[in-house]
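Accompanying notes for the structure given below.
Protein chains: 4
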Amino acid sequence: MSGSTIGKIFSVTTWGESHGKALGVVVDGCPAGIPLCEEDIQKELDRRKPGQSPYSTPRKEEDRVNILSGVFEGITTGTPISLVIFNHDQRSKDYSQIADVFRPGHADYTYHQKYGIRDYRGGGRASGRETVARVAAGAIAKKILSQLGVQILAYTLSIGHIKIDPERYDSSEIYRNPLAMPDKEAAGRAAEYIQQLKEKGDSAGGVVECIIQGLPGGVGEPVFEKLDAVLGKAILSIGAVKGIEFGKGFEAAYTTGSQNNDPLIYSQDKGLYKETNNSGGITGGISEGFPIVFRAAFKPTPSVRIPQKTVNRNMQNIELSLKGRHDPVIVPRAVVVVEAMTAITLVDYLLQRILSRMDLIKKALS
Amino acid sequence: MSGSTIGKIFSVTTWGESHGKALGVVVDGCPAGIPLCEEDIQKELDRRKPGQSPYSTPRKEEDRVNILSGVFEGITTGTPISLVIFNHDQRSKDYSQIADVFRPGHADYTYHQKYGIRDYRGGGRASGRETVARVAAGAIAKKILSQLGVQILAYTLSIGHIKIDPERYDSSEIYRNPLAMPDKEAAGRAAEYIQQLKEKGDSAGGVVECIIQGLPGGVGEPVFEKLDAVLGKAILSIGAVKGIEFGKGFEAAYTTGSQNNDPLIYSQDKGLYKETNNSGGITGGISEGFPIVFRAAFKPTPSVRIPQKTVNRNMQNIELSLKGRHDPVIVPRAVVVVEAMTAITLVDYLLQRILSRMDLIKKALS
Amino acid sequence: MSGSTIGKIFSVTTWGESHGKALGVVVDGCPAGIPLCEEDIQKELDRRKPGQSPYSTPRKEEDRVNILSGVFEGITTGTPISLVIFNHDQRSKDYSQIADVFRPGHADYTYHQKYGIRDYRGGGRASGRETVARVAAGAIAKKILSQLGVQILAYTLSIGHIKIDPERYDSSEIYRNPLAMPDKEAAGRAAEYIQQLKEKGDSAGGVVECIIQGLPGGVGEPVFEKLDAVLGKAILSIGAVKGIEFGKGFEAAYTTGSQNNDPLIYSQDKGLYKETNNSGGITGGISEGFPIVFRAAFKPTPSVRIPQKTVNRNMQNIELSLKGRHDPVIVPRAVVVVEAMTAITLVDYLLQRILSRMDLIKKALS
Amino acid sequence: MSGSTIGKIFSVTTWGESHGKALGVVVDGCPAGIPLCEEDIQKELDRRKPGQSPYSTPRKEEDRVNILSGVFEGITTGTPISLVIFNHDQRSKDYSQIADVFRPGHADYTYHQKYGIRDYRGGGRASGRETVARVAAGAIAKKILSQLGVQILAYTLSIGHIKIDPERYDSSEIYRNPLAMPDKEAAGRAAEYIQQLKEKGDSAGGVVECIIQGLPGGVGEPVFEKLDAVLGKAILSIGAVKGIEFGKGFEAAYTTGSQNNDPLIYSQDKGLYKETNNSGGITGGISEGFPIVFRAAFKPTPSVRIPQKTVNRNMQNIELSLKGRHDPVIVPRAVVVVEAMTAITLVDYLLQRILSRMDLIKKALS
């Protein structure tokens, strides 16, 4: 059944396999009147492009985006925007070793069970390459959000056991080091750690943190469309994510109510504010108007050279040592994907917010 | 905008406020031909009913369910099933102290921002009481699942820092102690801890773990409707949940690929199996056919007697000490809610699974 | 599968069977801030209430509506509005003759095929009584529309071969005669015609026409959610409707382009206007800002006393003469249902219109 | 807001403008395991291709379809199928005369009102060329239906006042004459009529009739997703359609119940059958298992050479004589579009039918 569409208002439909002819996305419901060109999208794609550092797959893909519809004379027209990225460096033969094998940690066996048939080349639809379409759509969402004063910033919080030190937090570092860590020193240690794993043929996981600023209060739809629920779904839909938490997250479960509640305080200077942000900026599933904070846990890349036990389609036990081109860590390239999924979700629910109140409706239609 | 409906196939729409006339749910898309009576639903409602232990609010509610449609001569007819639970013990005056105040940790301020108006009595729509409708719908979902061989079991994994000991795990304890902990000894200590908090006027959080057994492989819809993503959304939509993780969850981020991958093994006796379940039973967003495991973090009940700083509608700083009837811990009553949301989600995606393959479609229509 | 919900923004879910305990509707997505009381809804229900004229079923139903949620101190809160109408005069025994019989023209046989089981009492879910929930929801939609300057007016255009004379059109007559015809003379002749059919145990069909005024241009979502397509679906979903046409409708197929196009004309006095309205106020699926006109064809009530051939569940050929209480014509009571479905659809798409343009979005959020 | 997607299960999202780079469609939810190649789709596209007869626009478009995803080794994989048709013969300068003018009968003025901006080249998104994407998706839907024994046949019933004679009905004629009329003699007269209009610079409308055979009973979802309602929406969403009717349609409104009801009859030889089909094969919104019949009215092509009054963007009254390349009648090329929309709708609801009954669900999952 259809599961490649997300969003009720700003509706994003992706398609494409890792080694098919192309990948793409249709964005329907983008408001008319937004300046948009291919470069707006390309600069986001370039952030997740493979082959940019020793810590990502050497697969060479230009990942050039084409806008095929929905933009006229540089302005969105309100009709569906179709974006396509053609595949070039497909090297299908690399993957012949896995046509009949279920790689551990990959979706080979589950796709086999679900569909009976699967495009095994490079993981097909289950490949991380699928996220190129998310990032393209996210670039459009970000343009809308920036016009409405909303900023999204994600970064690598930790790789393996190496975590950034909040005291050394420096956001400018995010774009400077290839691991997208806002702490130069931690990034250095993480790079060494990954290098070691790479030599062993192993891989690392990590945690991405995301901060949303400028989002007004009142965004999110109770009961089942709570903002944390829909953000959670969007982030958990990214391939390797195994957990998500908001604000204090799992730690909140160990505190008491009097410790965990964030008192609201008003002062002439600052207006309304909170001294703590244990809630992560969302209460009752609705944005508070304060910064939103969440973290997503990424499992280590399942493709490792170290030999592993598994079975093939004939249920024979085999040992598998993956050759091919693989990321020893996916986390840094996932940072922009987290931002994209956040942006796609926020646009959808920020627009929905208008329709919750008769006064806003009248203002829009007046 | 509408956010009170969940499910595409098995579609659940809830309504009602904590101190309104009633709460209820419409279940549309329930297949015809399932035996269903009020007692099937009532026994689930009784598991979350307030006033059953010293650790839950003394509010007295019978929580009697009425089936108003969709069942004929004890069998579902395929038409919408409307369930209503009328409120009795409303005591609206208890809440007069909070009409103009934004309680810390509650959704008072966010609802105020979103809608401009809110039913402040007992939290209105944002009250935990809203979950009575989820549990009612979940009872129907469970009936369907049990006919298809799927079992769901949730329990309290920890309250505050008191965690069950896996060595002492005893599932029969879940229904025996009021904290729904499958470890008698831990339950005893947790009870003491809660008693202390209660006396201080404070509250505790905790973690709920949930195990799904008997679900076939192939359930979940890539890309955006991955099974973990949709389960995550369903669980994060429960009021106090601040995080969710699958299998090894956040810990996976600290391991390496060779450690974290679950090898597939085949033997004549056992068929295909896994020695580890780090994935939590879902890969690539699709069920593996092995047990699914996830954990949800619940924040402490925000209603505490201990005085807290906050503001009122006029942005005056005040100190608030909540009287009323409150749960010192919500986790044990949330266990059945976690099961309900899991069941509702599983039915929806298990049914969708049929439509993914032409061979299953032909089998059904033959 | 779920089919009892309509609307993406203003989402209406109905439930209930003709002879069940109650019928009802949940309206989710109604904006906060609208004054609403039971009387607002009741006055619409009274327009379709049975037993009000010799031309409708003598079944006695008060059809009293109860608002169970979503309204606080007389104002909508943005949360789901649950409305219930309890059944009183059920007389189930009247229907015992049809438990095993498939009445011609009724949905007995199709429900039997679809679900294997059906509530045969009074047609169950397939009864025209189901529309009581539509009218209740429509009353809320009308309140919103009236705040936004939109009016909907439906009336009986013809009953059998008796059609109103446009020269004698008098809208005040619609509420004055029991056939809702805006032509007193035609209403008189139609009444005689129905009286004759009633005596013979037969029934009549007819056509309802509906005019929408005050709807701004720009409403309707290309390509699949064109305004005429979604209005068409809403109207065709009413039990006995067999056709719908907009503007010149089927006649347009017999004209030429130069005859059928409506020229746009501008004058200082009148602004932009059209001398003809062959389009019926919608072009390219989007409202023009001029009046919208459509017509719906209702088949004759299938319940007739005249003996008819049919089969029973055992595929035995039988002859059936329906006793019971039946409307000799359903059209006049359907007029308010047409208005309700129109209102529900218009609210949904009028609200969607805001989200089509960045300038409207900014205005709402500023 | 998003309106370019149709279907809940078999979900079709189209995109593209008449004179943009390409048009296309993403089909998500297509079951895995269906043989599919470009030729399957191409042969349907060729049926609506322009420039094939004197009665269609001489615009030259190859309309070659490319499958970019979702098919592996000639079999559908269950993942989204992306189809693209690149535009070649765009001749944008032809349309420069209309950049600032609102053509009568076209969607120029309504798009202008809705979006503030529009791609005026060839009507942009509102062009009939948009239907190429529908036909491509319809080809896939037809493949599924043919595997399930369902056939769809549409044809031109009338052009202007020239109607086929049922006595001369010959289905083989549909593919033989360029007007898709199953009556050679009527087709001849219609051709003459169109030739006359063409010389005058005028255009004709017409009626398309569609017959569905082999669809089992039980398809369609009460209450709002009745089969006639959803088919009606699908057909009304085709550009020039102004009306739709099922079975006896508008004529039913003039009959009586005893005339209009279709008696069910059972015989050893024929099984259950009906001697009349006034219902058009749908009762209570559910298929009966008998042939389904409906008719759609198409207005005349609005592009005519005959001078017409209209206004430009500055609200100046002007006279417009359209040059360019236009179809003097759109009806014959619309026949395959009607079939496509019917197929897309039927697949979606035929699959939904499985989920209505527990016995079918168990059969599929066993």
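Protein chains in written order, with my numbering: chain A, 44 to 409; chain B, 44 to 409; chain C, 44 to 409; chain D, 44 to 409. For every residue, glycine included, the Cβ atom is placed at its ideal position computed from N, Cα and C.
Interface residues of chain B facing residue i [CB-CB closer than 8 Å]
| i | result |
| --- | --- |
| alanine 407 of chain D | Ile397, Leu403, Ile404, Lys406, Ala407 |
| lysine 51 of chain D | Lys51 |
| glutamine 190 of chain D | Met401, Lys405 |
Counted within 10 angstroms of its Cβ, other Cβ atoms place residue i as buried (16 or more) or exposed
| i | result |
| --- | --- |
| glutamine 395 of chain D | buried |
| glycine 300 of chain D | buried |
| aspartate 151 of chain A | buried |
| proline 97 of chain D | exposed |
| glutamine 359 of chain A | exposed |
| lysine 366 of chain D | exposed |
| asparagine 357 of chain B | exposed |
| glutamine 239 of chain A | exposed |
| proline 147 of chain B | buried |
Nearest-angstrom Cα separation, counted from residue j out to residue i
| i | j | result |
| --- | --- | --- |
| glutamate 105 of chain C | isoleucine 128 of chain C | 9 Å |
| glutamate 82 of chain B | phenylalanine 115 of chain B | 15 Å |
| glutamine 311 of chain B | alanine 184 of chain B | 35 Å |
| glycine 171 of chain A | aspartate 71 of chain B | 36 Å |
| serine 47 of chain B | isoleucine 278 of chain B | 14 Å |
| glutamate 242 of chain C | aspartate 370 of chain C | 12 Å |
| glycine 166 of chain D | threonine 153 of chain D | 12 Å |
| leucine 88 of chain A | arginine 107 of chain A | 8 Å |
| tyrosine 212 of chain A | cysteine 253 of chain A | 14 Å |
| glutamine 302 of chain A | leucine 79 of chain C | 41 Å |
| glutamate 268 of chain D | serine 45 of chain B | 19 Å |
| glycine 290 of chain C | threonine 174 of chain C | 26 Å |
Proximal residues to residue i (C-beta, below 8 Å), its chain only, five neighbours per side dropped
| i | result |
| --- | --- |
| proline 350 of chain D | Glu362, Leu363, Ser364 |
| lysine 64 of chain C | Phe129, Asn130 |
| proline 265 of chain C | Gly327, Gly328, Ile329 |
Cut-off 7 Å between Cβ atoms - residues of its own chain near residue i, not counting five sequence neighbours on either side
| i | result |
| --- | --- |
| proline 343 of chain B | Ser246, Ala247, Gly248 |
| arginine 177 of chain D | Thr57, Val380, Ala383, Met384 |
| glutamate 463 of chain D | Because residue 463 of chain D is not part of the residues shown, which for chain D are 44 to 409, the question remains open. |
| glutamine 256 of chain C | Gln194, Pro334 |
| aspartate 391 of chain A | Gly50, Lys51, Ile52, Phe53 |
| glutamate 318 of chain A | Pro306, Ile308 |
| valine 273 of chain B | Thr388, Tyr392 |
Proximal chain A residues relative to residue i, where beta-carbon distance stays under 9 Å
| i | result |
| --- | --- |
| glycine 257 of chain B | Near glycine 257 of chain B there are no residues of chain A at all, since even the closest Cβ is about 15 Å away, more than 9 Å. |
Nonlocal neighbours in the same chain, by C-beta distance under 6 Å from residue i, ignoring five residues either side
| i | result |
| --- | --- |
| valine 250 of chain C | Leu200, Ser201, Arg338, Ala340 |
| isoleucine 75 of chain A | Residue 75 of chain A is actually alanine in this sequence, not isoleucine. Around alanine 75 of chain A: Thr119, Thr120, Gly121. |
| isoleucine 124 of chain C | Val70, Cys73, Gly113 |
Partner residues on chain B for residue i, Cβ-Cβ distance less than 9 Å
| i | result |
| --- | --- |
| alanine 75 of chain D | Ser399, Arg400, Met401, Asp402 |
| histidine 149 of chain A | Asn304, Thr326, Gly327 |
Partner residues on chain D for residue i, Cβ-Cβ distance less than 8 Å
| i | result |
| --- | --- |
| glycine 121 of chain B | Ser399, Arg400 |
Every unbroken beta strand (DSSP E) within the region 363-407 of chain C, with a cutoff of 3 residues, ordered by chain: You should have found no qualifying run.
Beta strand (DSSP E) runs wholly inside the region 118-167 of chain B, at least 3 long, in chain order: The region 118-167 of chain B contains these whole beta strand (DSSP E) runs: 124-129.
Runs of beta strand (DSSP E) wholly within the region 271-320 of chain C (minimum 3 residues, chain order): Here the runs fully enclosed are 284-289, 307-310, 314-317.
Beta strand (DSSP E) runs wholly inside the region 158-235 of chain C, at least 3 long, in chain order: Segments of the beta strand (DSSP E) lying fully in the region 158-235 of chain C: 194-202.
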